[in-house]
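Novice: Structure in structure tokens, see below.
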Amino acid sequence: MTSTPMQLDPLENPKMREVIDNTISEFGDQNGALMVVLNHLQERVGFITKPMQAYVAEKLGVPVSKVHGVVSFYSFFTTEPRGKHVVKFCIGTACYVGGASQLIDKAKQVLAIEPGQTTPDGLITLEVCRCVGACSQAPVVVVDEANHGRVKPSQFGKVLTDIQKSEAAV
Amino acid sequence: MKTVRSMVLVSNDIKSKANASQEVIDAFNLAIKKLDLADEVAVSTIPEVGTVRSLPLVVIFPEATVYAPVKPEDVPHLVEEHLYKGREVPDLKVKDADTLRKVAWLTQRKGTLPAENKIVLKNVGLIDPESIDEFFAYEGGQAFATALQMTPELVVEVIKASGLRGRGGAGFPAGIKWDSVRRTPGKKKYVICNADESEPGTFKDRIIMEGDPFTIIEAMLIAGYAVGADEGYIYIRGEYQLALERVQKAIQQAREYGVLGKDIFGSGFDFDLHIHAGAGAYICGEETALLESIEGGRGEPRVKPPYPTTSGLWAMPTLINNVETFANIPPIILNGADWFKSFGTPSSPGTKVYTILGNVNNTGLIEVPMGITLREVINIYGKGTKGGQFKFAQTGGSSGSIIPAALQDTPMDFDSFRKVGVALGSGALLICNDSNCIVDSVRVLTRFFQEECCGKCVPCRVGTDQAWKVLTDISEGRGKIEDIAQLEWLCKGMEEFSNCGLGQTAGTPIKNMLDHFRAEVEAHIKLGVCPTGVCPMS
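Protein chains in written order, with our numbering: chain A, 1 to 170; chain B, 1 to 538.
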């Protein structure tokens, strides 16, 4: 991970700070606002750092402990930036029976990272996820938002080359 | 939707194939086409009929007449007589009592079609889920209009009389829940649709929301009117992006048409809906955890009582039902309680949507009457097990259990299953063949509970972790004979002392394993071998 430049906290980036402020003022006054705000921050900023959590707590008038409690409770919230593309392996029961663990082994071997980590170039993050509800397609790999069904370990390379191709095209 | 009046099942196992079963199937299709019956008669296959001697075997429903052995040249006559003129063909009917006894599981549903009954999924795949106009064109909104002409009490009475039981897993009678919310005084009440479908292997609610989001809105309107609520939430798990979009669009269209909002259809009844997206926590499917989550906090289940019916969202009386439960409401209001009770079994009326998965030839979604057996599901809809003999099935998620092959003839309804110590669960049927190891499967399930445990109460937090460690020891060859007693003790503790459904049922797969597959577990421990060769055992 040494090649990744040190990330500034989004709060110190004026553009990002504006996004954060807008999100808080947009959703901050409804019932149960905390989760709605955090959901949108995760979507718009990509992650929620500790300073951001403290900032949200102050703005919404709730304890930081509560904000941190929510962020750490739900698996959608991350406190660190992820790679440009996220490759998720469904490990629901059907996918497990369908061979998800062999797929994960293959991915670990090809990318030389563990689930939860990002490749040194910041391109791909590997994650495992809960059942995505596409069980008749088991095993399922989710690349960004798209489901790929019935992926065999031998086909996993193609999933990666597709990502690299789409990057090259940009 | 295609409604057939008869259904032909042709046995198609290896022995039948050797006796020209494929030709028989082709002959049926041809003869049916010739007599122009293709819209009325469905032909399907049964891949496993057991050790029957006269093959191929043909069963025609709804009469459940068994013909065997059937030769391709018999088929034109059979179709003309039985399916066209409605007369049985005595010469071809199976004679030997042994065969009849062996296929009794097939003929017990005499008088009905083993075809699917669509109540919940009636619009799915038929209407454009992004067009409220199409929904209206297919009877949409009529149930709500009917309800508005009834008193709220009467609406609740109809739901009560229908015997509808919650489809989220526990099978609690919906009418009683509705009645309780209606009777509880409160200046504000809420109706919530639980669409946090997180049980691994279940995706029925996703299909309903993606295919027919308007029915859910209509059902929630009826519920709101019946219990006296003017606001509702649909809690959709964050993973279901398409469902979120479709339901959002449906709500917008409903608002534009004045179906949601103030003084709906000039009735004086107000109702509006919001969507709440989950953020990836299995436990939020538990109803009080879901409430905590909507309120913006950690999704940790509350201590019950008070139940949500008296003190739910923001401490107001709240009605929470699952997506599939709600989808049953408009047809019941429209067709009446007696119509609904004509499906399924007396104690569990209606249909159930199942997702069939795992080692079967045909995976996917079906809606069948309650009380159908696992053997029928596997053979008629799943088209038989794949890659080996059927060993066990796992029903959906934490509220489900492990069903061994020995119980595959038990009718699948809430009470019959409870009697034999298993649970129906949320509707997933993961079929596992004999290459699956029971210890490994249960270990993976327990690992899931261990990860998804919210950590609030000790029995579940410590119990799932301990159980997972013991199971891992057994599967890696470090098992001790005392481990079995340890697992039993842990399961008992979790069941009796956990705060919510997750902990109370997390031990169910382990208990089922020890009840039905103890010898296999003991082989791991005593002999140091995994009979299926799945466990590492190093």
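In this text, a Cβ means the ideal position worked out from N, Cα and C, and glycines have one as well.
Which one or two residues does DSSP pair with Arg165 of chain B in a beta bridge?
Specialist: B:Pro173
Novice: What separation, rounded to the nearest whole angstrom, lies between the Cα atoms of Thr4 of chain A and Phe517 of chain B?
Specialist: Caution applies to Thr4 of chain A, whose pLDDT of 45 falls short of 50 and renders its modelled position unreliable; the model cannot decide the point.
Novice: Are the C-beta atoms of Lys50 of chain A and some chain B residue less than 8 angstroms apart?
Specialist: no
Novice: Just verifying my parser: in three-state terms, what is the DSSP assignment at Pro5 of chain A?
Specialist: Only weak support is given to the placement of Pro5 of chain A: the predicted model assigns it a pLDDT of 48, under 50, and the question is left unresolved by the model.
Novice: If you reduce the DSSP assignment to three classes, tell me which class Met1 of chain B lands in.
Specialist: Unreliable placement is indicated for Met1 of chain B, whose pLDDT of 38 sits below 50; no coordinate value is reported for it.
Novice: Thinking C-beta only, is Gln394 of chain B closer than 8 angstroms to Cys432 of chain B?
Specialist: yes
Novice: In three-state terms, what does DSSP make of Ser498 of chain B?
Specialist: Coil.
Novice: Candidates B:Glu295, B:Thr373, B:Val181, B:Leu487: which alpha carbon is nearest Pro308 of chain B's?
Specialist: B:Val181
Novice: Run through chain B and tell me which residues come within less than 7 angstroms of Thr79 of chain A, C-beta to C-beta.
Specialist: None at all; the shortest Cβ gap to chain B is about 14 angstroms.
Novice: Determine the direct distance from the alpha carbon of Ile366 of chain B to that of Glu476 of chain B, and round the result to whole angstroms.
Specialist: 38 angstroms
Novice: Spell out whether any CB of chain A is found under 8 angstroms from the CB atom of Pro404 of chain B.
Specialist: no
Novice: Who are Ala393 of chain B's beta bridge partners in DSSP?
Specialist: B:Ile403, B:Ile431
Novice: Flag Val87 of chain A as yes if its beta-carbon sits less than 8 angstroms from any beta-carbon of chain B, otherwise no.
Specialist: Not one chain B Cβ lies under 8 angstroms of Val87 of chain A.
Novice: Who are Val141 of chain A's beta bridge partners in DSSP?
Specialist: DSSP output for Val141 of chain A lists A:Phe89, A:His148 as bridge partner(s).
Novice: When the cut-off is 8 angstroms and only beta carbons count, does Glu63 of chain B lie next to chain A?
Specialist: no
Novice: Kindly indicate the opening and closing residues of the beta strand (DSSP E) around Ile236 of chain B.
Specialist: 231–236
Novice: What does Ala195 of chain B pair with, by DSSP beta-bridge criteria?
Specialist: B:Ile236
Novice: Does chain A have any CB closer than 8 angstroms to the CB of Met1 of chain B?
Specialist: Here Met1 of chain B scores only 38 on pLDDT, less than 50, and its place in the model should not be relied on; the value that follows carries that caveat. No, its Cβ sits nowhere closer than 8 angstroms to a Cβ of chain A.
Novice: Is the beta carbon of Ala254 of chain B less than 8 angstroms from the beta carbon of Glu210 of chain B?
Specialist: no
Novice: Looking at chain B, which residues of the stretch 106–137 of chain A have a Cβ within less than 8 angstroms of any of its Cβ atoms?
Specialist: Cys129, Arg130, Cys131, Val132, Gly133, Ala134, Cys135, Ser136
Novice: If you measure from the beta carbon of Ala506 of chain B to each beta carbon in chain A, is any gap under 8 angstroms?
Specialist: no
Novice: Use the C-beta contact count for Met1 of chain B: other C-beta atoms within 10 angstroms, 16 or more gives buried, fewer gives exposed.
Specialist: Unreliable positioning characterises Met1 of chain B in this predicted model, as indicated by a pLDDT of 38, which lies under 50. A coordinate reading is not provided.
Novice: Start and end of the beta strand (DSSP E) containing Met370 of chain B?
Specialist: From DSSP, Met370 of chain B is part of no beta strand (DSSP E); its letter is neither H nor E.
Novice: Could you tell me if Arg130 of chain A is buried or exposed, where buried requires 16 or more neighbouring beta carbons within 10 angstroms of its beta carbon?
Specialist: Around the C-beta of Arg130 of chain A, 16 or more other C-beta atoms lie within 10 Å, and the residue is accordingly described as buried.
Novice: Quick check on DSSP: helix, strand or coil for Phe449 of chain B?
Specialist: helix
Novice: Can a CB atom of chain B be found closer than 8 angstroms to the CB of Glu167 of chain A?
Specialist: no
Novice: Alpha carbon to alpha carbon, how far is Pro404 of chain B from Ser25 of chain A?
Specialist: 55 angstroms
Novice: Would you mind stating whether Ile208 of chain B and Ala327 of chain B have Cβ atoms separated by less than 8 angstroms?
Specialist: yes
Novice: Along chain A, which residues have their Cβ under 9 angstroms away from the Cβ of Leu407 of chain B?
Specialist: Residues of chain A passing the Cβ test: none, with the nearest at roughly 19 angstroms.
Novice: Is it buried or exposed, Phe28 of chain B, if we count other Cβ atoms within 10 angstroms and call 16 or more buried?
Specialist: buried
Novice: Three-state secondary structure (DSSP) at Pro459 of chain B?
Specialist: helix
Novice: Round the Cβ separation of Lys102 of chain B and Thr51 of chain B to the nearest angstrom and send it over; I've been treating them as touching at under 8 angstroms.
Specialist: Cβ atoms of Lys102 of chain B and Thr51 of chain B come within 8 angstroms of each other, at about 7 angstroms.
Novice: Once you ignore the five residues that flank Tyr381 of chain B on each side, which residues in its own chain have a CB closer than 7 angstroms to its CB?
Specialist: Ile356, Asn362, Ile366
Novice: Flag this pair as touching only if the stretch 278–289 of chain B and the stretch 148–157 of chain B have three or more C-beta atom pairs under 8 angstroms; answer yes or no.
Specialist: no
Novice: Please list the segments of the alpha helix (DSSP H) lying wholly inside the stretch 53–138 of chain A, counting only runs of 4 or more residues, in order along the chain.
Specialist: 64–73, 93–97, 100–111
Novice: Quick check: the Cα distance between Asp465 of chain B and Leu487 of chain B, rounded to an integer number of angstroms?
Specialist: 11 angstroms
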